[in-house]
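Below: the structure, in structure tokens.
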């Protein structure tokens with residue numbers, strides 16, 4: 852994920868951002884002292900299935916990572932024929948019952 856910093860700008864266009872590649876399809880993004888996870892997926896179908904699973908788990912009261920929308924209110928970005936999404940780590944998002 853060589854372009855992690857460039858891709859992160861879809862979410863943080865006017866902010867200072869740093870990105871560190873953790874795995875071939877995952878990068879850690881830091882902005883305003885907050886940590887996010889940038890993930891690359893190969894297909895929109897795979898991405899939508901993941902979003903659906905996260906929603907179902909959340910509705911059952913399970914802590915899940917939250918999808919962060921872009922500045923254009925999108926849940927994902929298509930960049931060079933690959934799909935990317937940004938998540939808040941589980942530790943930053945807890946459902947209160």
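Residue numbers (the working numbering): 852 to 948.
Backbone N, C-alpha and C fix where the C-beta goes; we use that ideal spot for every residue, glycine too.
Residue i in three-state terms, based on DSSP
{"i": "residue 909", "result": "helix"}
{"i": "residue 861", "result": "coil"}
{"i": "residue 885", "result": "strand"}
{"i": "residue 874", "result": "strand"}
{"i": "residue 931", "result": "coil"}
{"i": "residue 914", "result": "coil"}
{"i": "residue 896", "result": "helix"}
Cβ pair residue i, residue j closer than 7 Å
{"i": "residue 889", "j": "residue 929", "result": "no"}
{"i": "residue 891", "j": "residue 933", "result": "yes"}
{"i": "residue 872", "j": "residue 882", "result": "no"}
{"i": "residue 898", "j": "residue 927", "result": "yes"}
Spatial neighbours of residue i in its chain, beta-carbon cut-off 7 Å, leaving aside the 5 residues before and after
{"i": "residue 941", "result": "914, 915 and 916"}
{"i": "residue 878", "result": "852, 855, 870, 871, 872 and 889"}
Residue from the options whose Cα sits closest to the Cα of residue i
{"i": "residue 920", "options": "860, 911, 894 and 878", "result": "860"}
{"i": "residue 923", "options": "900, 863 and 896", "result": "863"}
{"i": "residue 866", "options": "901, 876 and 880", "result": "880"}
{"i": "residue 902", "options": "925, 878, 876 and 858", "result": "925"}
{"i": "residue 876", "options": "884, 885, 886 and 858", "result": "858"}
Cβ-based neighbour list, residue i, same chain, cut-off 6 Å, excluding 5 preceding and 5 following
{"i": "residue 893", "result": "none"}
The ligand SAH heavy atom lying under 6 Å from the CB of residue i
{"i": "residue 861", "result": "Of ligands this structure carries none, so the ligand SAH is not represented either."}
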